[in-house]
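Notes follow the structure.
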Amino acid sequence: MKQAFRFPLKQHIGEQAVPAIVKGDRIVRGQLLALKKENTLSANIYSSVSGVVLEVNDKQIVIKADERQTEEYIPLKSNTPLELIEEAGIVGLGGAGFPTWAKLSKPFGEGGKIIVNAAECEPILSHNIKCIEENPEQLVSGMKIVMNITRAEEGVIAVKEKHHTAVRRLQEAIAGENMRVVLLPDLYPMGEERAVIREVTGNILPVNSIPIEAGVIVLNAETVCRIWEAVTLKKPLIDKNITVAGKLREDEKPVQVLCDVPLGMSVKDVFDMAGGVAEGYGELIMGGPFTGKRTQMDAPVIKTTGGLIATECFMSGPEKIGLLVCACGADKSRLQELAKSLGSEVAAVRYCKQAKEVKNAWKCENPGKCPGQVQKVLELKREGAQAILISNCTDCSNTVMSCAPQLGLPVYHCTDGALRAVNHPLIRKIHKNKLQEV
Ligand code: SF4
-11 MKQAFRFPLK QHIGEQAVPA IVKGDRIVRG QLLALKKENT LSANIYSSVS GVVLEVNDKQ
49 IVIKADERQT EEYIPLKSNT PLELIEEAGI VGLGGAGFPT WAKLSKPFGE GGKIIVNAAE
109 CEPILSHNIK CIEENPEQLV SGMKIVMNIT RAEEGVIAVK EKHHTAVRRL QEAIAGENMR
169 VVLLPDLYPM GEERAVIREV TGNILPVNSI PIEAGVIVLN AETVCRIWEA VTLKKPLIDK
229 NITVAGKLRE DEKPVQVLCD VPLGMSVKDV FDMAGGVAEG YGELIMGGPF TGKRTQMDAP
289 VIKTTGGLIA TECFMSGPEK IGLLVCACGA DKSRLQELAK SLGSEVAAVR YCKQAKEVKN
349 AWKCENPGKC PGQVQKVLEL KREGAQAILI SNCTDCSNTV MSCAPQLGLP VYHCTDGALR
409 AVNHPLIRKI HKNKLQEV
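Numbering follows our numbering, in which position 106 of the sequence shown is assigned residue number 94; successive positions increment by one, without gaps.
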């Protein structure tokens, strides 16, 4: 067992958790480390290892793990399913980490739907689909728990059509249940929450609306499986499924799924579990190629970590580059960081015209349906860009590629380094009539 495990006190939306232990305490796997702040949106944090507390500060708790570890854990104590979900510290595991107990705490009136988001929207990431293929019954049992809590009338699992095995196994597992499988096209960002709702209900929510206004609650697939663990096995949220990919050592598969990685483990130790990172990579990303953030070897795995990717080395960019920002892809600061790594100065920044700012976040009015990008590309060229770096969705990238090269502007995409590292087709090289290949 590796030594230092780090547990940030804020791994979710809302208030950070409050330490419940002190330096020097002996800790057992499954023991409460930090308590959700009372009467706020927050979530408990538990230790994934047994060991001794090395440090407690206002940002994190560090534990020196014992050499020998076991899979056992201290079980949860609550009685009702909703209390167990709250006690377990479960948050949305596919996105920003909204505390799940809060999402489920108000039952529907009539006609409510639970939608399980199994889109696994980002290219490369594959841990949700692998778990569904191997154990669809766990997901379906988790859905039943959630549907009972919320008194939902229907359960829907949204999954990409291309995952034939997962779709078949889900259809077998839901037989006789009040559930259905909805097939999604293989485009980015079909897993964006409002895109999933649009594909299931036929209606697109305004950017400032929340799913409950459409009578639905959307939960990520792994979140539902962890709900099943909390309610059935009384297991706190201490482990995470992760896709590890990219420039791994030569004899290793470039995309691997690791199940039940203990939270708090360092990025380096997780890469080592997958065989280790090869020499000469570009950057390390935590998350997917579109929305992941640059990370470091000593950063910890947290509740929302879904992917760890070592990218291909950076190409050399032009002197001046224009940025075209998507609300569902890499944000402006991430594109600025990538421009710097290309060795380029940012000439100008433009947002996709469907990107709207709502409460300090960017949301797309109709995710994945291109509103046209020619005007933005022309503006970037006029402002001195010699090339453009984009984070656009599949459909919009296709539009950019239909005009920028003709204007003499080479195109870079925020996902290039990650996709090159695993020999995945580049988003900006996919022609409209081949969108299904993404
Ligand atoms: S339409 Fe624009 S903002 Fe929306 S997903 Fe595509 S690029 Fe992003």
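Cβ coordinates follow ideal geometry from the N, Cα and C atoms, glycine included.
With contacts defined by Cβ atoms closer than 9 Å, Lys52 and Ala(-8) form a contacting pair. Using a C-beta cut-off of 8 Å, the stretch 270 to 290 makes no contact with the stretch 353 to 361, since fewer than three inter-stretch Cβ pairs fall below that distance.
Contact between Val134 and Leu92 is confirmed by a C-beta separation of about 6 Å, below the 8 Å threshold. For Ser254, the beta-bridge partners assigned by DSSP are Pro288. Under the three-state reduction of DSSP output, Gln244 falls in the strand class. For Thr387, the enclosing alpha helix (DSSP H) begins and ends at Thr382 to Met389. Between His401 and the set Gly85, Ala318 and Asn196, the nearest pair of CA atoms involves Ala318. Excluding its 5 nearest sequence neighbours in each direction, Asn411 has no C-beta neighbour in its own chain below 6 Å. Distance from the CA of Arg156 to the CA of Val184, rounded to the nearest whole angstrom, comes to 20 Å. With the rule of 3 Cβ pairs closer than 8 Å, the stretch 107 to 114 does not count as touching the stretch 70 to 78. Per the coordinates, the alpha-carbon of Leu311 lies some 11 Å from the alpha-carbon of Gln374.
Relative to Thr58, the option among Leu323, Pro250 and Pro124 whose CA is nearest is Pro250. Any heavy atom of the ligand SF4 within less than 5 Å of a residue's beta carbon puts that residue on the list, which reads Cys314, Ala315, Cys316, Cys340, Gln342, Ala343, Cys352, Pro355, Asn380, Cys381 and Cys384. Assigned with DSSP and collapsed to three states, His115 falls in helix. Check the Cα spacing between Asp174 and each of Cys391, Thr382 and Asn45: the tightest is with Thr382. Residue pairing for Lys320: DSSP places it in no beta bridge. Distances from the CA of Ala392 to each of Arg139, Lys347, Glu181 and Lys369 were compared; the closest alpha carbon is that of Lys369.
Between Ile49 and Leu21, the C-beta gap is smaller than 9 Å, which places the two residues in contact. Taking 9 Å as the cut-off, the beta carbon of Gly305 is found no closer than this to the beta carbon of Ala336.
In the three-state DSSP reduction, Ile103 falls in the strand class (E or B). Ala90 is the residue among Lys47, Arg(-6), Ala90 and Val104 whose C-alpha sits nearest the C-alpha of Ala31. Shown here, Asp227 sits in a strand according to DSSP, grouped into three states.
Gln19 sits in coil when the DSSP states are folded into three classes, being neither helix nor strand. When the beta-carbon positions are compared, Lys308 and Gly372 come within less than 9 Å of each other.
The shortest C-alpha to C-alpha distance from Glu181 to any of Gly295, Gly252, Asn208 and Ala163 is the one to Asn208. For the pair of segments examined, the stretch 94 to 106 was found to touch the stretch 209 to 220: the number of CB pairs separated by less than 8 Å reaches three.
Here Cys301 is exposed: its Cβ has fewer than 16 other Cβ atoms, across all protein chains shown, within 10 Å. Here Lys24 carries a coil assignment [DSSP, helix/strand/coil].
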